[in-house]
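Residue numbers (the working numbering): 5 to 199.
We put the beta carbon where it would ideally sit given N, CA and C, even for glycine.
Have a look at the structure below before the remarks.
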Amino acid sequence: ALADAGLSPADIGYVEAHGTATAMGDPIEIQALQEVFTTDRDEPCAIGSVKSNIGHTDVAAGLAGLVKAALCVYHGELVPTVNFHRVNPELGLDPAVLRISADTRTWTGPRRAGVSSFGIGGTNAHMVLEQPPQPTPQPTAHPAPTHGTAPVVLSGRTPQALRDQARQWAHWLTRHPDTTLTDLAWTTTRHRQHF
Numbered sequence: 005a006l007a008d009a010g011l012s013p014a015d016i017g018y019v020e021a022h023g024t025a026t027a028m029g030d031p032i033e034i035q036a037l038q039e040v041f042t043t044d045r046d047e048p049c050a051i052g053s054v055k056s057n058i059g060h061t062d063v064a065a066g067l068a069g070l071v072k073a074a075l076c077v078y079h080g081e082l083v084p085t086v087n088f089h090r091v092n093p094e095l096g097l098d099p100a101v102l103r104i105s106a107d108t109r110t111w112t113g114p115r116r117a118g119v120s121s122f123g124i125g126g127t128n129a130h131m132v133l134e135q136p137p138q139p140t141p142q143p144t145a146h147p148a149p150t151h152g153t154a155p156v157v158l159s160g161r162t163p164q165a166l167r168d169q170a171r172q173w174a175h176w177l178t179r180h181p182d183t184t185l186t187d188l189a190w191t192t193t194r195h196r197q198h199f
C-alpha cells in the first residue's frame, strides 16, 4: 500500500491494525509493522484497533477499521484504544517505533493513516488514507450592489411557510437595524435553503 501510494513509512502517522488480542496473531502483526516502521522517524507511529471499541465484527471487521481510520483522518484526531492500561510484554513492542494510541490527541502534520484490517470471510482492507488537500480560502467579502436594490430571496415549501419566513425576517431586522441590504441579500441568496 505504501509503494502504491508513493509514500515512505515516515509519512504515516497512524496505523489501524487488525489487533484481535490473540497470543499468536498480535505479536506477529507488531513485529511486521516494526520491520516497516523503523526508528527513522521523528516520533513513533500511533497504532490502534477498532476492535477495542466495538469488538470483533467478523465479516465487517475490515470495513469497521477502514471507517475508524477515515474518521480519524477527517476529524484530525487520534482516538484512544479502549481499556488499554499497559503494553503486553509478549508483543515485543518497541516504543521508539510504535505507540499504542492511549488517549485522544490532535493529529498534527499531514494526516495519513495505514489500514491493515482483516475480516473473517474476506472483508479485508490494506490501504493508505490521506486527508484531501485543503482548499485555498476564498475571500468572504461580498460585492456591494452598484445601485439601490438587491435581491432578498424568501422561499418556503408552502404559502404559509413563505409568510412565516417573511415574518421572521421582519422581526429579525427590527432587532438588528444596522443590517445592510447587501448583507441581507447575501445571506438569503447564498446561505439559505431554497424551495
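Distance CB(residue i)-CB(residue j) smaller than 9 Å
i    : j   : result
R116 : D15 : yes
L67  : E20 : no
Residue i to residue j span [Cα, whole Å]
i    : j    : result
L95  : T191 : 57 Å
F199 : G160 : 6 Å
A174 : P137 : 41 Å
D62  : T162 : 48 Å
V156 : W111 : 42 Å
K3   : A74  : Shown here, the chain extends from 5 to 199; a query on residue 3 therefore has no answer.
E33  : T26  : 10 Å
P48  : A170 : 58 Å
L197 : N87  : Rather than Leu, the amino acid found at residue 197 in this sequence is Gln. About 44 Å.
Q35  : L97  : 8 Å
V40  : N92  : 21 Å
P99  : E81  : 20 Å
A65  : Q135 : 22 Å
T178 : T184 : 12 Å
Per-residue burial, residue i [other beta carbons within 10 Å of its own, 16 or more giving buried]
i    : result
Q58  : A quick correction: the sequence has Ile, not Gln, at residue 58. I58 should be labelled exposed.
S12  : exposed
T219 : This structure does not reach residue 219, given that the chain is present from 5 up to 199, and the question cannot be answered.
A165 : exposed
D30  : buried
G52  : buried
T42  : exposed
Opposing strand residues paired with residue i [DSSP bridges]
i    : result
M131 : V119
A14  : None; A14 has no bridge partner.
L103 : Leu is not the amino acid found at residue 103; the sequence shown has Arg there. DSSP, once it has assigned bridges, lists A50 as partnering R103.
R109 : L82
V77  : Answer is none; V77 lacks a bridge partner.
V19  : I51, G118
Option in the options with minimal Cα separation from residue i
i    : options                : result
R109 : V83, P99, L133         : V83
G113 : A64, S105, Y18         : Y18
A50  : Q172, M131, A189, V119 : V119
L133 : P31, C76, L37, H22     : C76
K72  : P31, H22, A5           : H22
D46  : E81, S53, A64, V101    : V101
R194 : D182, A154, S53, L37   : A154
A7   : M131, R179, D168, W176 : M131
Residue-level contact to chain D via CB, residue i, 9 Å cutoff
i    : result
F199 : Annotation note: the requested chain D is absent from the structure, which comprises a single protein chain.
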